[in-house]
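Chains R and H supply the protein sequences, listed in that same order. If you count the first sequence from 1, position 34 lands on 210 in this note's numbering, and the numbers rise without skipping. If you count the second sequence from 1, position 82 lands on 258 in this note's numbering, and the numbers rise without skipping. For each residue, glycine too, the CB sits at the ideal point set by N, CA and C. I have placed the structure first, in the form of structure tokens, so that the comments after it can refer back to it.
There are 2 protein chains.
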Amino acid sequence: MKIAEVSERTGLSADTLRFYERSGLVRPVTRDRSGIRVYGDTDLMRIEFIQCMRKAGLPIDVLKAYVDLVDAGEHTLADRVEILTVQRGELLARLRDMQQTLDLLNYKIDLYHNKLGKGSKRGRRPSKDVTRAQEMAYAAPTPAT
Amino acid sequence: MKIAEVSERTGLSADTLRFYERSGLVRPVTRDRSGIRVYGDTDLMRIEFIQCMRKAGLPIDVLKAYVDLVDAGEHTLADRVEILTVQRGELLARLRDMQQTLDLLNYKIDLYHNKLGKGSKRGRRPSKDVTRAQEMAYAAPTPAT
DNA sequence: CCTTGACTTGGAGTCGACTCCAGGTGGTAG
DNA sequence: CTACCACCTGGAGTCGACTCCAAGTCAAGG
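Structure, rendered in structure tokens:
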């Protein structure tokens, strides 16, 4: 399959796909006799893997280090696990931060719904909090948790 | 409190704090007679709010739009809810992506631990998968889920 | 034969979010 | 008095990750 189809399947632009190849995230793709990239299934799998990791914020240089190890062979297994484990740790930290932000967003949206008089989805937070609402404009329900 | 203390408390650099102020994320801080920023509790609360939102990836221009509405008064409540709700939606999407990536990372780490002969934490995935391991190097356990 | 359209390249440009710097001021301590 | 330190400003620089562009090549259709 050619670059347009890969682009359509993955949602990545052709430019991004070429950029990933230039950056070494994806192995040089085989070409037909006129120089056009022809992607195989394994290429697509790599691209989808990279895409998945990128969506979670893993940086390109780390990903490059990882795929280089994969291409280097079985003896790099331990190093790969090391990279993946470190990245998982950072991902978990980001997830915790984002969960906390989500809680705060939910809380604020709920509070604002009350103030708008439309009522919250589950009639929480009666009037006491509305009084405090102005100063709560930026405050978390549980500041440092 | 002065900028150094805010920096230490939040972990944001003094440069970043000034940058946030310049960008309008934080209201101009009051100064002492020699022009030095003196942060109050509400300033700190705003900064912590911004920090929380930034950690979750909310862009600065959106945050600026939001705080402008807050400063504009009560009649902007509906617009604020709109912003927060949209951002919550995008945050949820990111969280789903990241959760999927986490699953894949866990799966791969587990798989690699098996291959390294150290055994997985809960003896899953005996030998059949190890045979497929090479081609699985980039594949998700559930590709499109 | 000529045009059209999808592809190619190398390199430059953009964007968001900081981060750094030079040069200047003000209060305090030796 | 001088040195030092933390602070100030405007502006430039950096970084990661794309994104765009001009100019060129090929295969197929009219």
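Same chain, Cβ closer than 7 Å to residue i, five either side skipped, listed in chain order
i	result
lysine 240(H)	Ser199, Gly200, Leu201
glutamine 227(H)	Thr186, Leu188
arginine 213(H)	Lys178, Ile179, Val205, Arg207
alanine 248(H)	none
Close beta carbons around residue i, own chain, < 6 Å, minus the five adjacent residues each side
i	result
alanine 190(R)	Ile179, Ser183
aspartate 219(R)	Val205
C-alpha gap between residue i and residue j, whole angstroms
i	j	result
glutamine 193(R)	glutamate 224(R)	Note on residue identity: the sequence assigns leucine, not glutamine, to residue 193(R). C-alpha separation (whole angstroms): 11 Å.
histidine 251(R)	threonine 261(R)	17 Å
glycine 299(H)	methionine 229(R)	Confidence at glycine 299(H) is low in this model, with a pLDDT of 44, below 50, so its placement is unreliable and no value can be given for it.
methionine 274(H)	glutamine 275(R)	11 Å
leucine 267(R)	serine 210(H)	44 Å
leucine 292(H)	proline 235(H)	42 Å
arginine 270(H)	threonine 277(H)	11 Å
leucine 280(H)	glycine 265(R)	13 Å
glycine 233(R)	tyrosine 215(H)	33 Å
phenylalanine 195(R)	phenylalanine 195(H)	31 Å
glutamate 181(R)	arginine 272(H)	25 Å
lysine 231(R)	lysine 231(H)	15 Å
isoleucine 285(R)	arginine 203(H)	23 Å
glutamate 197(R)	glutamate 197(H)	40 Å
leucine 287(R)	leucine 287(H)	45 Å
Residue-level contact to chain H via CB, residue i, 7 Å cutoff
i	result
isoleucine 259(R)	no
tyrosine 283(R)	no
leucine 239(R)	no
tyrosine 242(R)	no
arginine 264(R)	yes
lysine 231(R)	yes
leucine 245(R)	no
Run of the alpha helix (DSSP H) containing residue i, from where it starts to where it stops
i	result
isoleucine 212(H)	From DSSP, isoleucine 212(H) is part of no alpha helix (DSSP H); its letter is neither H nor E.
arginine 256(H)	253 to 291
arginine 203(R)	First-last for arginine 203(R): undefined, no H or E at that position.
alanine 190(H)	190 to 198
alanine 241(R)	236 to 248
Neighbourhood of residue i by C-beta distance below 8 Å, restricted to the same chain and skipping five residues each side
i	result
valine 238(H)	Ile259, Gln263
arginine 256(H)	Tyr242, Leu245, Val246
Local Cβ density within 10 Å of residue i, reported as buried at 16 or more and exposed below that
i	result
aspartate 217(R)	exposed
alanine 254(H)	exposed
arginine 222(R)	buried
CB contact below 7 Å: residue i versus chain R
i	result
threonine 186(H)	no
tyrosine 196(H)	no
threonine 277(H)	yes
aspartate 217(H)	no
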